[in-house]
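Heads up, the thing below is written out as structure tokens.
Numbering (mature numbering (1 follows the signal peptide of the UniProt record, and there is no 0)), first residue to last: -20 to -1, 1 to 196.
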């Protein structure tokens, strides 16, 4: 139960942390379903990264389309990739994940959308960019911010891998536990059966003296 709660909290934190770039979402895609996400983008160059954390063979079909319906990128049975694309016009772009090819496996998927160039501190704060050159301290702060943003992206990817490995380990632990219980039951039944057979084999079947025929 705590493990399921941790996964739910992990998903909620990622879903509600999309107030500014980068947009990050973790969601579960049931088997046989297709789900699309829409995002209004302005002209610049973007990076779209996705990762199948858990489920099946860690594969998913992906399609990215511009506001006119033109395909930007497509992938089949992919597990992880980074897509770089240019946005030439304002509009709503569509990102679709397709799991209709699977009939039994749910997929836990993470994706991230952000401009190729990380936002500055002023952009993240919603303030206009500096019209003048940055001071030495401001430049150093922006550089630290850039390195921390890159480190954050890498840490999230590693965290997703750790989550997927942990979920696989939990499944294996459950399977081993169930198999051990089944083997234990079989051993007990076999032991009782052997004891019963041996008991019947060595059981004294001599006729009681009261039923013996006396000689004439």
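A virtual CB, placed ideally from N, CA and C, is assigned to each residue, including glycine.
Nothing here was measured: the structure is a model prediction, and the numbers come from that model.
Check                                                                                                                                                             : Outcome
Buried or exposed, going by whether 16 or more other CB atoms sit within 10 Å of the CB of residue 82?                                                            : buried
Within 10 Å of its beta-carbon, does residue 87 have 16 or more other beta-carbons around it, so buried, or fewer, so exposed?                                    : buried
Is the region 38 to 54 touching the region 126 to 139, taking contact as three or more C-beta pairs under 8 Å?                                                    : no
Between which two residues does the beta strand (DSSP E) carrying residue 139 extend?                                                                             : No beta strand (DSSP E) holds residue 139; the alpha helix (DSSP H) holding it covers 116 to 181.
Are residue 78 and residue 30 close, meaning C-beta to C-beta below 8 Å?                                                                                          : no
Short of 7 Å in beta carbon distance, which residues of its chain neighbour residue 93, apart from the five on each side in sequence? Order them along the chain. : 2, 3, 19, 26, 28
Between which two residues does the beta strand (DSSP E) carrying residue 11 extend?                                                                              : Neither: residue 11 is in no beta strand (DSSP E) and is coded neither H nor E.
Less than 8 Å between the beta carbons of residue 89 and residue 32, yes or no?                                                                                   : yes
With distance defined between alpha-carbon atoms, name the residue in 98, 140, 138, 21 nearest to residue 69.                                                     : 21
When the cut-off is 8 Å and only beta carbons count, does residue 19 lie next to chain C?                                                                         : In summary, chain C is missing from the structure at hand, where a single protein chain is found.
Does DSSP put residue 58 in a helix, in a strand, or in coil?                                                                                                     : strand
Going by DSSP, what residue range makes up the beta strand (DSSP E) through residue 31?                                                                           : 25 to 34
In whole angstroms, give me the CA-to-CA distance for residue 74 and residue 64.                                                                                  : 15 Å
For a test of the three-state rule: what should DSSP assign to residue 51, helix, strand or coil?                                                                 : strand
For a test of the three-state rule: what should DSSP assign to residue 38, helix, strand or coil?                                                                 : coil
Per the DSSP calculation, residue 20 is bridged to which residue(s)?                                                                                              : 72
If you draw a straight line from the alpha carbon of residue 173 to that of residue 164, how long is it in whole angstroms?                                       : 14 Å
Using a 10 Å radius around the Cβ and a threshold of 16 neighbouring Cβ atoms, would you call residue 9 buried or exposed?                                        : buried
By how many angstroms is the C-alpha of residue 72 removed from the C-alpha of residue 16?                                                                        : 12 Å
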